[in-house]
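The next block holds one structure in the form of structure tokens; read it before the comments.
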């Protein structure tokens, strides 16, 4: 016979049973499992709608919703008149929603975005220093040369060259996932970087000097120096944002 709770003590709240997954969730998880276990692979066509719905135990409406959701995530692609296929599952596709989430950040979140960017890019610079080739070094030099003349530089043109410089380094790091993450954060901090170029008269000159120091470390294939130079450069941006909230 169950014992009564002590006087004055309320009965414990009954445990809540989690709601069952929706049929759309069943579709998403089912297709994901089929990719994990090798039933479906990159570039393969999904079974026809009726067969797939039967396999997953769902109706056609939720099946289409699940396929649409996975298409937005870069996992599936629908080809007009040819069916639905698993994509190449490339990081640039699968991590594309990360850039969308970064876009949704409010202006007050800019310092946090830049801090994450610094963590990613300092390591990318160190990795790039180990393996960067002459072609990538030339591309980085070209980005610097585009805004290194004696004439005043338009802030937006300068930031565009700045983005190209950082993209070269990210793509040279040898880690495609890290490269995509770097571009997701770096490419979405343009507004703050243009603002800095406009508000701080010395920002362009200092940034160019910092870029030159990073490029020198990359040419020397010195990972530690490349990491430190990149960190110093990006901390300068964070310091500006902290002082100009």
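In this note's numbering, the protein residues as written are 931 to 1175.
Glycine included, every Cβ here is placed at the ideal spot set by N, Cα and C.
Note that the coordinates shown come from a computational prediction; the quantities given were computed from them, not determined experimentally.
Among the options, which has the Cα closest to the Cα of residue i?
i: residue 1105; options: 1155, 1157, 1021; result: 1021
i: residue 1113; options: 1023, 1082, 1140; result: 1023
i: residue 1073; options: 950, 1133, 1098; result: 1098
i: residue 1154; options: 1054, 1071, 978; result: 1054
i: residue 996; options: 1102, 953, 1018, 968; result: 953
i: residue 1140; options: 1071, 1011, 1107, 966; result: 1071
i: residue 887; options: 951, 1149, 1165, 1164; result: With the chain represented from 931 up to 1175, any question about residue 887 goes unanswered, as that position is not in the structure.
i: residue 1164; options: 1100, 1069, 1052, 1063; result: 1052
Leaving out five residues on either side along the sequence, give the residues of the same chain with a beta carbon under 6 Å from the beta carbon of residue i.
i: residue 1159; result: 1143, 1144, 1147
i: residue 970; result: 964, 1016
i: residue 975; result: 1013, 1015
i: residue 1061; result: 1104
i: residue 1151; result: 1059
i: residue 993; result: 957, 983
Taking all protein chains shown into account, do 16 or more other C-beta atoms lie within 10 angstroms of the C-beta of residue i, making it buried, or fewer, making it exposed?
i: residue 947; result: exposed
i: residue 1167; result: buried
i: residue 1136; result: exposed
i: residue 1162; result: exposed
i: residue 984; result: exposed
i: residue 1092; result: buried
i: residue 1095; result: buried
i: residue 1172; result: exposed
i: residue 1134; result: buried
Looking only at its chain, what residues have a beta carbon closer than 7 Å to the beta carbon of residue i, apart from the 5 residues adjacent to it on each side?
i: residue 1027; result: 1003
i: residue 1115; result: 1032, 1043, 1046, 1047, 1050
i: residue 1000; result: 958, 961, 1006
Distance, Cα to Cα, residue i vs residue j?
i: residue 956; j: residue 988; result: 8 Å
i: residue 1087; j: residue 981; result: 53 Å
i: residue 1067; j: residue 1076; result: 14 Å
i: residue 1090; j: residue 1008; result: 34 Å
i: residue 998; j: residue 1065; result: 40 Å
i: residue 1102; j: residue 949; result: 46 Å
i: residue 1169; j: residue 1157; result: 18 Å
i: residue 1132; j: residue 1041; result: 21 Å
i: residue 1107; j: residue 951; result: 30 Å
i: residue 986; j: residue 968; result: 16 Å
i: residue 1078; j: residue 1085; result: 13 Å
i: residue 1069; j: residue 1100; result: 12 Å
Near residue i, what residues of its chain come up, given a Cβ to Cβ distance below 8 Å and the 5 sequence neighbours on each side ignored?
i: residue 972; result: 1016, 1017, 1018, 1019
i: residue 978; result: 1013
i: residue 1138; result: 1074, 1077, 1078
With residue i and residue j assumed to form a contact (beta carbons below 8 Å), what rounded beta-carbon distance in angstroms separates them?
i: residue 1025; j: residue 1110; result: 5 Å
Closest Cβ-Cβ distance between residue i and chain D: below 8 Å?
i: residue 1155; result: Of the protein chains in the structure, only one exists, and it is not chain D.
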